[in-house]
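In this note's numbering, the protein residues as written are 3 to 576. Don't be surprised by glycine CBs; every beta carbon is placed ideally from N, CA and C. Note that the structure is predicted; figures quoted are calculated from it, not measured.
Structure below.
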């Protein structure tokens with residue numbers, strides 16, 4: 003009888019038929035305890051079991067499917083087989099589920115992706131420790147059962163390397179490789195389903211499964227160079243989504259070694275390099291992609307994004323324009339051009355680009371959030387709040403929008419409502435330092451200075467080089483009359499950001515209140531050098547300087563005409 007395992011041609015290839023007949027002979031001859039391992043796909047496994055039941059009708063055959071991780075496999079079998087009738091052959095599927103969970107635990111413990119995924123035999127999953135240790139009891143207790151484990155390739159390798167004592171008792175290992183047509187179909191499915199944003203939303207265990215599945219396809223024979231390069235690049239995308247950036251780059255490099263003109267791999271490698279802050283290298287990758295495929299609008303958009311990060315806004319806009327010339331309804335490029343325009347202070351133009359992005363995709367919550375930020379910049383706080391509400395209606399867990407809505411409410415003096423928004427942001431993302439800082443600001447506005455300081459401390463625990471949080475903590479200490487501590491905080495801010503003019507000005511105020519004229523003048527000079535128009539005017543009426551107001555040096559400083567350097571605060575753009 004010919005074996006038909008999947009959507010193959012009518013006749014099974016001779017080597018597959020030979021392997022199947024060898025498996026059947028082994029099963030027929032095994033009268034007592036036995037261990038058999040089969041490497042095949044899940045669909046092939048289903049077909050195999052059905053066919054074997056037909057071809058060996060005189061034996062009692064059963065199936066045990068493991069859908070959850072198991073640590074003590076021996077005890078698990080005792081529980082499951084206790085009420086079963088006599089079994090001659092037991093097929094077991096899903097042992098690899100226990101390996102996925104193990105890999106997730108090791109990921110949380112700080113293991114690298116190389117150690118976890120690329121067959122670095124570091125550590126042993128509990129289930130394999132159990133199989134090794136209970137090997138004798140396993141044979142004694144189940145002495146009349148032939149166990150047949152149906153596993154993917156990576157799980158077979160796990161057993162060989164990490165449970166060698168148990169694996170040594172095998173009666174045979176049988177392989178049923180996927181045929182070319184099925185392999186191409188499965189590879190195509192993986193690629194069509196591929197989405198970097200969706201990969202980021204997967205749990206670690208789900209991502210592990212995706213990684214292993216792609217590795218299985220890579221290990222199969224009979225693939226074209228194109229399919230192999232595609233799979234390596236897709237594996238890089240999944241690894242990057244889990245922040246395994248160096249391993250991701252290695253995968254993209256492997257794709258490019260196989261197919262140097264693979265412009266998707268060049269683009270994807272650029273994205274990873276951008277995430278690592280290696281901006282110039284990222285730009286080189288995008289340029290390579292565009293050299294091969296000038297109409298690749300993703301690469302134009304991504305190159306613009308990196309240029310934006312580098313502060314080269316005009317160049318970024320040119321890249322977005324190229325992307326939109328090729329693909330006019332590419333909403334990401336409309337949104338990103340809006341970001342670049344906002345960075346140039348061209349707020350009304352920025353709004354028009356966010357509107358265009360939202361016209362194309364009304365539920366694009368990033369654009370709603372970013373439009374809100376620009377309206378905030380323009381002092382149109384109620385309109386900004388409406389935009390943030392739209393973003394949150396679409397994506398309630400968008401903590402950026404909760405934080406930004408809190409900022410707008412705070413600007414309107416609605417401090418308690420602002421605090422509620424910051425709390426929502428922190429409920430979703432507890433390590434979001436901006437929300438800790440901003441809640442501290444709102445508490446300070448309410449005169450709750452000690453509480454405010456505790457929130458700034460939390461922000462600094464998460465992000466020790468946040469110069470604004472250091473400055474804000476200094477302001478709260480200033481409010482409490484703890485001037486020396488305040489000055490120490492301003493010094494920390496300036497150590498991180500030497501041109502942060504607010505900290506220079508606030509230090510000047512502290513020294514002036516203490517009557518330290520020399521230090522007050524020195525720090526005020528620094529603030530005015532950075533932003534003369536703002537601080538000369540502020541100092542003229544600021545009561546903190548009343549003690550030194552009549553000093554000639556002070557009067558000269560606030561009247562002197564100096565060039566100013568404006569340094570603006572920025573909200574979080576996405």
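(message) Please return the same chain residues whose Cβ sits closer than 7 Å to the Cβ of residue 556, not counting the five positions on each side in sequence.
(response) Residue mapping note: residue 556 aligns to position 554 of the chain shown, counting from 1. Cβ neighbours of residue 556 beyond the five flanking positions: 523, 547, 550.
(request) Pick helix, strand or coil for residue 547, following the three-state DSSP scheme. (result) Translated into the one-based positions of the chain shown, residue 547 becomes position 545. Residue 547: helix per DSSP, three-state reduction.
(request) Give me the Cβ distance between residue 250 and residue 241, rounded to the nearest whole Å; I'm assuming they're in contact under 8 Å. (result) Position 248 of the chain shown, counted from the start, is the residue given in the question as residue 250. Position 239 of the chain shown, counted from the start, is the residue given in the question as residue 241. Yes, they are in contact, since the Cβ atoms of residue 250 and residue 241 sit about 4 Å apart, within 8 Å.
(message) At the 8 Å Cβ level, is residue 404 part of the contact set with chain B, yes or no?
(response) Considering every chain present, this structure includes no chain B. It has just one protein chain.
(request) In angstroms with no decimal places, state the Cα-to-Cα distance between residue 283 and residue 256. (result) Along the chain shown, one-based indexing puts residue 283 at 281. Along the chain shown, one-based indexing puts residue 256 at 254. Their backbone Cα atoms lie some 17 Å apart in a straight line.
(message) If contacts are defined as beta-carbon pairs under 8 Å, then residue 220 and residue 204 qualify, I think. What distance do you get, rounded to the angstrom?
(response) Walking along the chain shown from the start, residue 220 turns up at place 218. Walking along the chain shown from the start, residue 204 turns up at place 202. The Cβ separation is near 19 Å, so there is no contact.
(request) Would you mind reading off the limits of the alpha helix (DSSP H) that contains residue 207? (result) Stepping through the chain shown from its first residue, residue 207 is reached at position 205. That run of the alpha helix (DSSP H) goes 206-221.
(request) Tell me where the alpha helix (DSSP H) around residue 446 begins and ends. (result) What you label residue 446 is simply residue 444 of the chain shown in a count that begins at 1. Where residue 446 is concerned, the enclosing alpha helix (DSSP H) stretches over 435-447.
(message) Quick check: the Cα distance between residue 130 and residue 165, rounded to an integer number of angstroms?
(response) Here residue 130 refers to the residue found at position 128 when the chain shown is read from its first residue. Here residue 165 refers to the residue found at position 163 when the chain shown is read from its first residue. Cα to Cα, residue 130 sits roughly 6 Å from residue 165.
(message) My output table needs one value for residue 557: the three-state DSSP class, helix, strand or coil.
(response) What you label residue 557 is simply residue 555 of the chain shown in a count that begins at 1. Note: residue 557 maps to helix in three-state DSSP.
(request) Could you name the residues of the same chain whose beta carbon sits closer than 7 Å to that of residue 34, not counting the 5 residues immediately before and after it, in chain order? (result) By one-based count along the chain shown, residue 34 stands at place 32. Closer than 7 Å at Cβ, skipping near neighbours: 145, 146.
(message) So, for residue 90: in the same chain, excluding its five sequence neighbours on each side, which residues have a beta-carbon less than 8 Å away from its beta-carbon?
(response) To locate residue 90, count along the chain shown from 1; it is residue 88. Taken in chain order, the residues that qualify are 61, 62, 63, 146, 147, 148.
(message) Could you compute how far the alpha carbon of residue 362 sits from the alpha carbon of residue 376?
(response) Here residue 362 refers to the residue found at position 360 of the chain shown. Here residue 376 refers to the residue found at position 374 of the chain shown. Cα-Cα distance, rounded: 20 Å.
(request) Please classify residue 101: does DSSP put it in a helix, a strand, or coil? (result) Reading the chain shown from its first residue, position 99 is the one you call residue 101. Correct three-state label for residue 101: helix.
(message) With the cut-off set at 8 Å, would you say residue 525 and residue 541 are in Cβ contact?
(response) Working through the chain shown from its first residue, we reach residue 525 at position 523. Working through the chain shown from its first residue, we reach residue 541 at position 539. No, the Cβ-Cβ distance between residue 525 and residue 541 is not below 8 Å.
(request) Report the rounded CA-to-CA distance for residue 22 versus residue 215, giving the unit in angstroms. (result) Within the chain shown, numbered from 1, the residue matching residue 22 stands at position 20. Within the chain shown, numbered from 1, the residue matching residue 215 stands at position 213. One C-alpha to the other measures close to 24 Å.
(message) For residue 273 and residue 356, I'd like the C-alpha separation in whole angstroms.
(response) Counted from its first residue, the chain shown places residue 273 at position 271. Counted from its first residue, the chain shown places residue 356 at position 354. Those two C-alpha atoms are separated by around 23 Å.
(request) Please go through the stretch 397-482 and give each complete alpha helix (DSSP H) segment of 4 or more residues, from N-terminal end onward. (result) 401-413, 417-430, 435-447, 451-464, 469-481
(request) Using a threshold of 8 Å, state whether the C-beta atoms of residue 269 and residue 301 are closer than that. (result) As a first step, residue 269 must be located in the chain shown, where it is residue number 267. As a first step, residue 301 must be located in the chain shown, where it is residue number 299. Result yes, Cβ atoms of residue 269 and residue 301 sit closer than 8 Å.
(request) Confirm, please, whether the CB-CB distance from residue 508 to residue 480 is below 8 Å. (result) The residue given as residue 480 occupies position 478 in the chain shown. The residue given as residue 508 occupies position 506 in the chain shown. In this structure, residue 508 lies closer than 8 Å to residue 480 by Cβ.
(request) Compare the beta carbon distance of residue 152 and residue 94 with 8 Å and say whether it is the shorter of the two. (result) Residue numbering aside, residue 152 sits at position 150 when the chain shown is read from its first letter. Residue numbering aside, residue 94 sits at position 92 when the chain shown is read from its first letter. For residue 152 and residue 94, yes; Cβs fall inside 8 Å.
(request) Kindly give me the distance between the Cβ atoms of residue 352 and residue 360, rounded to whole angstroms, as I take these residues to be in contact under 8 Å. (result) One-based indexing of the chain shown puts residue 352 at position 350. One-based indexing of the chain shown puts residue 360 at position 358. Rounded, the Cβ-Cβ distance is 13 Å, inconsistent with contact.
(request) Compute the Euclidean distance between the alpha carbons of residue 475 and residue 554, then round it to the nearest angstrom. (result) In the chain shown, residue 475 corresponds to position 473, counting from 1. In the chain shown, residue 554 corresponds to position 552, counting from 1. Taking the straight line joining both Cα atoms gives about 32 Å.
(request) State the beta-bridge partners of residue 144 as determined by DSSP. (result) On the chain shown, residue 144 is found 142 positions in, with the first residue counted as 1. DSSP, once it has assigned bridges, lists no residue as partnering residue 144.
(request) Would you mind giving the Cβ-Cβ distance between residue 403 and residue 439, rounded to the nearest angstrom? I have them listed as a contact below 8 Å. (result) Here residue 403 refers to the residue found at position 401 when the chain shown is read from its first residue. Here residue 439 refers to the residue found at position 437 when the chain shown is read from its first residue. 17 Å between Cβ atoms; not a contact.
(message) Buried or exposed for residue 198, going by 16 or more other Cβ atoms inside 10 Å?
(response) As a working note, residue 198 is residue 196 in the chain shown. So residue 198 counts as exposed.
(message) Going by DSSP in three states, residue 64 sits in which element: helix, strand or coil?
(response) Residue numbering aside, residue 64 sits at position 62 when the chain shown is read from its first letter. Judged by DSSP in its simplified three-state form, residue 64 adopts strand.
(request) Return helix, strand or coil for residue 122, following the three-state DSSP convention. (result) Here the question's residue 122 lines up with position 120 in the chain shown. Because residue 122 carries a pLDDT of 43, less than 50, the predicted location of this residue cannot be relied on, and no value is offered for it.
(message) I need the straight-line Cα distance from residue 101 to residue 263, nearest angstrom please.
(response) Residue 101 sits at position 99 when you count from the first residue of the chain shown. Residue 263 sits at position 261 when you count from the first residue of the chain shown. Between residue 101 and residue 263, the C-alpha separation is close to 36 Å.
(message) What would DSSP say about residue 376, mapped onto helix, strand or coil?
(response) Along the chain shown, read from residue 1 onward, the residue named residue 376 stands at position 374. In the structure shown, residue 376 sits in a helix (DSSP, three-state: H, G or I).
(message) For residue 473 and residue 504, what's the separation of their Cα atoms in angstroms?
(response) Working through the chain shown from its first residue, we reach residue 473 at position 471. Working through the chain shown from its first residue, we reach residue 504 at position 502. Distance from the CA of residue 473 to the CA of residue 504, rounded to the nearest whole angstrom, comes to 8 Å.
(request) For residue 176, write down the residues that DSSP places opposite it in a beta bridge. (result) Residue mapping note: residue 176 aligns to position 174 of the chain shown, counting from 1. Answer is 40, bridged to residue 176.
(request) Would you be able to state if there are at least three C-beta pairs under 8 Å between the stretch 67-79 and the stretch 40-59? (result) no
(message) What would DSSP say about residue 109, mapped onto helix, strand or coil?
(response) Sequence index remark: in the chain shown, residue 109 carries index 107 (1-based). In this predicted model, residue 109 has a pLDDT of only 45, less than 50, meaning its place in the structure is not dependable enough to derive any value.
(message) Can you list, in chain order, the residues of its chain with a C-beta nearer than 8 Å to that of residue 405? Leave out the 5 residues immediately preceding and following it.
(response) As a position in the chain shown, residue 405 is number 403, starting the count at 1. Closer than 8 Å at the Cβ level, and outside the excluded window around residue 405, lie 423, 424, 427, 434, 436, 437, 440, 574.
(request) Could you check how far apart the C-beta atoms of residue 279 and residue 254 are, in whole angstroms? I think they sit under 8 Å. (result) For the purposes of this step, residue 279 is taken as residue 277 along the chain shown, with counting starting at 1. For the purposes of this step, residue 254 is taken as residue 252 along the chain shown, with counting starting at 1. Residue 279 to residue 254, Cβ: 17 Å. No contact.
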